[in-house]
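Enquirer: Take this structure, written in structure tokens, and hold onto it; I'll ask about it next.
In this note's numbering, the protein residues as written are 429 to 1151.
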């Protein structure tokens, strides 16, 4: 295939030979880099020869890597915003002890790093030891690209991120180093000195924090960064020398002329028993491009079975139940879920399956969620019925909602009423949520402009029904969580091994950390905040089980708009007992803020944590836009993995109250004054002082390895992040 003629700018680092005898040499790194360079030339054209810099072996010193990153990628004025920018590294990767005072997610207190050629040697110019390049330094460099509006950045790391800390040829060869050391102490016992990269860490960081724009609350839309990460293995695995880059290039060459997204790569670059490649970023983004293909979010693949049935990697954790329909492409009709497991389902043909449908392994299908066990009961007032007229939908057996007569109004899950236009205010549809979880918060009522929902009123109701279903569904009990009056009434077996905390955070050194004293803002599953765009928050989700690895997926449910947003980009790495993810600080350093759009009206939102014993791809399929807007069908499918299959969920409430003055909900109810909020916070502080003793000090932040808590989301003495 002819080249695209597009410009590309790349910095490739490849190190087979290391200066220090403590680091054994590798064999395939330089060959891998040359292979990848040739692929870039073939794909983007030979005019990019000077745009691709390759530092190999002795050329790839620490100083050279960092200075070339600045000169060739950050300060290069020839790079336009959408030009592909690529950083590729093939060599040793290690885990080293974190600098003092840093919060980390890992139980062993280590951070990931790459090894330059002269690592563990002495720089003859400064007479100082040469250290590895830690992940936070790379992240700061990438942020400089983002500040300069480089919107098409790809990072490829063909190295170990942890474990033995090196690439290896074969298990039985001598190219395997079971430990690392610097001077007398092993490398992973010596904290990384903060002064080494202080100039880089102190570079301007003007991207700002994340803010969710909704009808009522600013505070939570997790964006994917501009960069894409392709890694040879999970952070706790070793990378086989020569495997990842070779397979990646082979698969990309085989797909010339075809868009390749990150979700495609998960299938194209297969995992090995001891090496699971990682792809992070927007799964619908075309590789080396700024193009986003929204349809990718809807697609997952059939697997043809010998008995005439089919398997899909979509199960209970995604809300798939028996009877769920799956749309086939090209008017092929539908398949139906005959049975479901935790992460997969068996599909069969239906009378609606076209005889001409292509039903082979690899054919994409699209899930049509089934809410048969959780149909939403709707009551409409007469004014709204009359206003809608012929636009009022007629529910069928497949509908996610049903209409109730006036005589059954007490059984409704939601009430919808019509409000006429007043002065500059348009006519509105008022939605009153009656489930106990909504009724006991500031989420019980919201309003939509009639003109925004009347033309797609059926989809408007389906969006609300799906919002209620995804927020409420769980594995631990037969009823939805929304039917519980309080989060503490939720019972989910797996999530007894999960602890959720919310903290105020502030920026220090190279990242965000909890404000000291670190106090968990969740009190019996509810966090009550004052409206503010200046106060920033982060969350910590901890695996406090003693034996099980877990994977976490965190969503924000906004009842003001019925949107569902992914708060934390799913991480492929598992979290072992005692480890956590930290949306908003530490390794996910984009904090959240919560500010009311209407300063005198309180509002509530919900955070939901899904926990799984296996990594699950496409959990972002649960996301949905605001009610009344066109929704896309949801793609779902888990990653391959072993072990016991299970999942669980936890829901917490975030109440945002006016900073001052009386707040009123849509229906006019008093929700409290700023003074009452202050009194409540003072009472909470008094309770906290009482818990920690006479000195009145805040909670110390203990080592996660030495603490275990038996309740989830409780306000009393939760293990705090280590810093």
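Just so it is clear, CB atoms sit at the ideal spot from N, CA and C, and this is done for glycine as well.
Because the structure is a prediction, the values reported are computed rather than measured.
(1) Closest to residue 481 by C-alpha separation, out of 627, 794, 501, would be which residue?
(2) Where residue 675 and residue 439 are concerned, what is the direct C-alpha to C-alpha distance, given to the nearest angstrom?
(3) What's the call for residue 627, buried or exposed, on a 16-neighbour Cβ count within 10 Å?
(4) Which complete beta strand (DSSP E) runs does the segment 972-1044 hold, if anything under 3 residues is left out?
(5) So, residue 955 versus residue 809, is the Cβ gap smaller than 9 angstroms?
(6) Among the candidates 513, 1023, 485, whose CA atom is the shortest distance from the CA of residue 422?
(7) I'd like the list of long-range same chain contacts for residue 964, defined as Cβ closer than 8 angstroms, with 5 residues on each side in sequence excluded.
(8) Where does residue 1083 sit, in a helix, a strand or coil, going by DSSP?
(9) Please report the straight-line C-alpha distance between residue 688 and residue 891, rounded to a whole angstrom.
(10) Short of 8 angstroms in beta carbon distance, which residues of its chain neighbour residue 1032, apart from the five on each side in sequence? Order them along the chain.
(11) Given the structure, does residue 895 come close to the ligand ATP, in the sense that its CB is under 8 angstroms from one of the ligand's heavy atoms?
(12) Are the segment 560-574 and the segment 1028-1042 in contact at 8 angstroms, needing three or more beta carbon pairs?
(13) Who does residue 538 pair with in a DSSP beta bridge?
(14) Any chance you could list the beta strand (DSSP E) runs of at least 3 consecutive residues sitting entirely within the segment 767-816, in chain order?
(15) Does the segment 907-914 come within contact of the segment 855-867, defined as at least 3 CB pairs closer than 8 angstroms?
(16) How about residue 660 and residue 586: are their beta carbons less than 9 angstroms apart?
(17) Any idea which residues DSSP pairs residue 1047 with across the strands?
(18) Rounded to a whole number of angstroms, what is the C-alpha to C-alpha distance between residue 981 and residue 970?
(19) Nearest to residue 370 by alpha carbon, out of 977, 993, 961?
(20) Mind listing, in chain order, the continuous alpha helix (DSSP H) runs of no fewer than 4 residues lying wholly within the segment 430-512?
(21) What would DSSP say about residue 517, mapped onto helix, strand or coil?
(22) Kindly indicate which residue of 713, 886, 927 has the alpha-carbon position closest to the one of residue 1055.
(23) Can you tell me which of 717, 1052, 829, 1015 puts its alpha carbon nearest to the alpha carbon of residue 656?
(24) Please go through the same chain and pick out, in chain order, the residues whose beta-carbon is closer than 7 angstroms to the beta-carbon of residue 1068, but skip the five residues on each side of it.
(25) Do residue 756 and residue 793 have their C-beta atoms within less than 9 angstroms of each other?
(26) Alpha carbon to alpha carbon, what distance is there between residue 860 and residue 896?
(27) Note down, in chain order, each residue of its chain lying with its Cβ closer than 8 angstroms to the Cβ of residue 558, except the 5 sequence neighbours on either side.
(28) In angstroms with no decimal places, state the Cα-to-Cα distance between residue 785 and residue 763.
(29) Under three-state DSSP, which class holds residue 688?
(30) Rounded C-beta distance between residue 952 and residue 921? I'm assuming under 8 angstroms.
(31) Alpha carbon to alpha carbon, how far is residue 510 from residue 485? Give it in angstroms, no decimals.
(32) Looking at the structure shown, is residue 1052 part of a helix, part of a strand, or coil, going by DSSP?
(33) Ignore the nearest five residues each way along the sequence and tell me which others in residue 823's own chain have a CB closer than 7 angstroms to its CB.
(34) Whole angstroms are fine: how far does the CA of residue 894 sit from the CA of residue 880?
(35) Secondary structure at residue 588, three-state DSSP: helix, strand or coil?
Expert: In terms of the structure at hand:
(1) On the chain shown, position 53 is the one that residue 481 refers to. Checking every option, the nearest Cα to that of residue 481 belongs to 501.
(2) Working through the chain shown from its first residue, we reach residue 675 at position 247. Working through the chain shown from its first residue, we reach residue 439 at position 11. The straight-line gap from Cα to Cα measures roughly 20 angstroms.
(3) For the purposes of this step, residue 627 is taken as residue 199 along the chain shown, with counting starting at 1. Result: exposed.
(4) 979-986, 991-994, 1020-1024, 1031-1040
(5) In the chain shown, residue 955 corresponds to position 527, counting from 1. In the chain shown, residue 809 corresponds to position 381, counting from 1. Cβ atoms of residue 955 and residue 809: not closer than 9 angstroms.
(6) Residue 422 lies beyond the residue range present for the chain, which begins at 429 and ends at 1151; the question has no answer from this structure.
(7) As a first step, residue 964 must be located in the chain shown, where it is residue number 536. Closer than 8 angstroms at the Cβ level, and outside the excluded window around residue 964, lie 637, 932, 933, 934, 940, 1012, 1019, 1020, 1021.
(8) Here residue 1083 is taken as the residue at index 655 of the chain shown, counted from 1. Strand at residue 1083.
(9) As a position in the chain shown, residue 688 is number 260, starting the count at 1. As a position in the chain shown, residue 891 is number 463, starting the count at 1. Their backbone Cα atoms lie some 30 angstroms apart in a straight line.
(10) On the chain shown, residue 1032 is found 604 positions in, with the first residue counted as 1. Contacts found: 869, 870, 871, 987, 1081, 1082, 1083, 1084.
(11) This structure does not include the ligand ATP; it has no bound ligands of any sort.
(12) no
(13) On the chain shown, residue 538 is found 110 positions in, with the first residue counted as 1. Note: residue 538 sits in a beta bridge opposite 525.
(14) 773-777, 792-796, 804-808
(15) yes
(16) Reading the chain shown from its first residue, position 232 is the one you call residue 660. Reading the chain shown from its first residue, position 158 is the one you call residue 586. Taking 9 angstroms as the Cβ cut-off, residue 660 and residue 586 qualify as a contacting pair.
(17) For this step, residue 1047 is matched to residue 619 along the chain shown. Looking at the DSSP assignment, residue 1047 forms no beta bridge with any residue, so it has no partner.
(18) Along the chain shown, one-based indexing puts residue 981 at 553. Along the chain shown, one-based indexing puts residue 970 at 542. Rounded to the nearest angstrom, the two C-alpha atoms are 12 angstroms apart.
(19) One cannot answer for residue 370 here, as it falls past the ends of the chain, which runs 429 to 1151.
(20) 457-472, 490-496
(21) The residue labelled residue 517 in the question sits at position 89 within the chain shown. It is a strand residue.
(22) The residue given as residue 1055 occupies position 627 in the chain shown. For the residues 713, 886, 927, the minimum Cα distance to residue 1055 belongs to 886.
(23) In the chain shown, residue 656 corresponds to position 228, counting from 1. Residue 656 has its Cα closest to that of 717, out of 717, 1052, 829, 1015.
(24) Within the chain shown, the letter at position 640 stands for residue 1068. Below a pLDDT of 50, predicted positions are generally treated as unreliable, and residue 1068, at 35, falls in that range; no measurement from the model is reported.
(25) Within the chain shown, residue 756 is the residue found at index 328, counting from 1. Within the chain shown, residue 793 is the residue found at index 365, counting from 1. Cβ atoms of residue 756 and residue 793: closer than 9 angstroms.
(26) Within the chain shown, the letter at position 468 stands for residue 896. Within the chain shown, the letter at position 432 stands for residue 860. Using only the alpha carbons, I get a separation of about 13 angstroms.
(27) Your numbering for residue 558 matches position 130 in the chain shown. Contacts found: 489, 490, 544, 546, 547, 548, 549, 550, 551.
(28) One-based indexing of the chain shown puts residue 785 at position 357. One-based indexing of the chain shown puts residue 763 at position 335. Each residue's Cα considered, the two are about 11 angstroms apart.
(29) By one-based count along the chain shown, residue 688 stands at place 260. Residue state, collapsed to three classes: coil.
(30) As a working note, residue 952 is residue 524 in the chain shown. As a working note, residue 921 is residue 493 in the chain shown. Contact doesn't hold; Cβ gap of about 20 angstroms is too wide.
(31) In the chain shown, the residue the question calls residue 485 occupies position 57. In the chain shown, the residue the question calls residue 510 occupies position 82. Distance between the alpha carbons of residue 485 and residue 510: 31 angstroms.
(32) As a first step, residue 1052 must be located in the chain shown, where it is residue number 624. The answer is strand: DSSP assigns residue 1052 an E or B state.
(33) The residue labelled residue 823 in the question sits at position 395 within the chain shown. Result list for residue 823: 829, 830, 831, in chain order.
(34) Numbered from its first residue, the chain shown carries residue 880 at position 452. Numbered from its first residue, the chain shown carries residue 894 at position 466. When rounded, the distance between both Cα atoms is 19 angstroms.
(35) Counting from one through the chain shown, the residue named residue 588 turns up at place 160. In the structure shown, residue 588 sits in coil (DSSP, three-state: anything other than H, G, I, E or B).
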